[in-house]
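Below you'll find the structure, written out as structure tokens, and then a few comments.
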Amino acid sequence: MSTASIANNAYQMAARLQQQARAIEDKAAQPEAGGLDFGKMVQEAVGTVVDKGQVADTKAVGLVEGKADVVDVVTAIAETEVALETMVAVRDRVISAYEEIMRMPI
Numbered sequence: 000m001s002t003a004s005i006a007n008n009a010y011q012m013a014a015r016l017q018q019q020a021r022a023i024e025d026k027a028a029q030p031e032a033g034g035l036d037f038g039k040m041v042q043e044a045v046g047t048v049v050d051k052g053q054v055a056d057t058k059a060v061g062l063v064e065g066k067a068d069v070v071d072v073v074t075a076i077a078e079t080e081v082a083l084e085t086m087v088a089v090r091d092r093v094i095s096a097y098e099e100i101m102r103m104p105i
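Here numbering that gives the first Met the number 0 is used: the sequence shown runs in plain steps of one and ends on residue 105.
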């Protein structure tokens, strides 16, 4: 796998995350969307990051054992890094929103 294909995978993942965010926003805009639970959404996002990390670890061990390709390991690590960076960005936005709410006068 070349650098271009790794970048392409990262862009595709970013596009999927944007689509998911739009879908969540559309559901939140609907008044009957009472089933949307922020805690569950965060739990699923963290689970996704953990799963990607486990896949990267498995591939790294496979590389050490001589059963995996270097490109596959690098790709898995890059995907994990993108997912983790996305999670950190979301966390930062949530903290920023909380701080903004706390500054509001009562």
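C-beta: ideal position from N, C-alpha, C; glycine also.
Anticipated Cβ contact below 8 angstroms, Val49 with Leu62, distance rounded: Actually they are not in contact, since the Cβ atoms of Val49 and Leu62 sit about 20 angstroms apart, beyond 8 angstroms.
Glu78 beta carbon less than 9 angstroms from that of Lys39: no
Buried versus exposed call for Lys66 [16 or more other C-beta atoms within 10 Å across all chains shown]: exposed
Nearest to Val106 (by Cα), restricted to the options Val60, Thr85, Ala13: The first residue shown for the chain is 0 and the last is 105, placing residue 106 beyond what the model contains.
Distance CB(Val81)-CB(Ala13) smaller than 9 angstroms: yes
Ala55 classed as buried or exposed, judged by whether at least 16 other C-beta atoms fall within 10 angstroms: buried
Rounded C-alpha distance that separates Ile23 from Thr57: 31 angstroms
Contact check, Ala59 vs Ile76, beta carbons under 9 angstroms: yes
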